[in-house]
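Letter by letter, the sequence shown follows residues -1 to 129 of our numbering.
Here's the structure, in structure tokens; my notes come after.
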Amino acid sequence: MSKFANDVKELLEYVGGKENIAAVSHCATRMRFVLNDPKKADVKKIDAMKVVKGTFTQAGQFQVIIGNEVPVFYNEFVRYAGIEGVSKEEAKKAARQNMSLLQRLISHLGEIFAPLIPAIVVGGLILGFRT
-1 MSKFANDVKE LLEYVGGKEN IAAVSHCATR MRFVLNDPKK ADVKKIDAMK VVKGTFTQAG
59 QFQVIIGNEV PVFYNEFVRY AGIEGVSKEE AKKAARQNMS LLQRLISHLG EIFAPLIPAI
119 VVGGLILGFR T
């Protein structure tokens, strides 16, 4: 029996079951869920789990903070649930379905302008040093 077997079962139940998961991925410390119906997730029960350090929703993704052991937990989760994990980019695309038109517009603008910020800052510093 694996280290996270009970936690994996509980988390799957608390997010609304396999049917409620449109996509799942992970980063260094978090599991990122794109849920078909975010209201089905029982956030209080998820927060009460020992392995969970916190939860929040951002950009259409329900994120569960697990910690440094998230790769092991994630592998057990997808194996138990019988679902296929996706990349972060695919999860972002799936998460857009849960966002309103305004949120999608702002997200696109952020993705366009965020890489330009360092160039603008450097340009401002150069102009400042010249005077």
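Backbone N, C-alpha and C define an ideal beta-carbon position, used for all residues, glycine too.
Here the structure is a predicted model, which is why all the values come from computation and not from measurement.
Backbone CA spacing between residue i and residue j [nearest angstrom]
i, j, result
"residue 51", "residue 115", "32 Å"
"residue 18", "residue 1", "25 Å"
"residue 102", "residue 57", "9 Å"
"residue 31", "residue 25", "11 Å"
"residue 68", "residue 117", "34 Å"
"residue 16", "residue 46", "20 Å"
"residue 75", "residue 106", "31 Å"
"residue 99", "residue 44", "29 Å"
"residue 130", "residue 3", "Residue 130 cannot be examined here, being either before or after the span of the chain that is shown, -1 to 129."
"residue 80", "residue 55", "24 Å"
"residue 10", "residue 94", "22 Å"
Residues near residue i in its chain [Cβ-Cβ closer than 8 Å; skip 5 each side]
i, result
"residue 41", "53"
"residue 48", "5"
"residue 7", "78"
Per-residue DSSP class, three states only, for residue i
i, result
"residue 26", "coil"
"residue 2", "coil"
7 Å Cβ shell around residue i - same chain, five flanking residues per side excluded
i, result
"residue 65", "27 and 51"
"residue 14", "33, 35, 38 and 39"
Residues near residue i in its chain [Cβ-Cβ closer than 6 Å; skip 5 each side]
i, result
"residue 97", "58"
For residue i: DSSP bridge partner residues
i, result
"residue 21", "32"
Next item on the list: With a floor of 4 residues, list each alpha helix (DSSP H) that falls wholly inside the stretch 39 to 122, ordered by position along the chain.
Entry: Listed in chain order, the complete alpha helix (DSSP H) runs (minimum 4 residues) inside the stretch 39 to 122 are 41 to 46, 68 to 79, 86 to 93 and 99 to 111.
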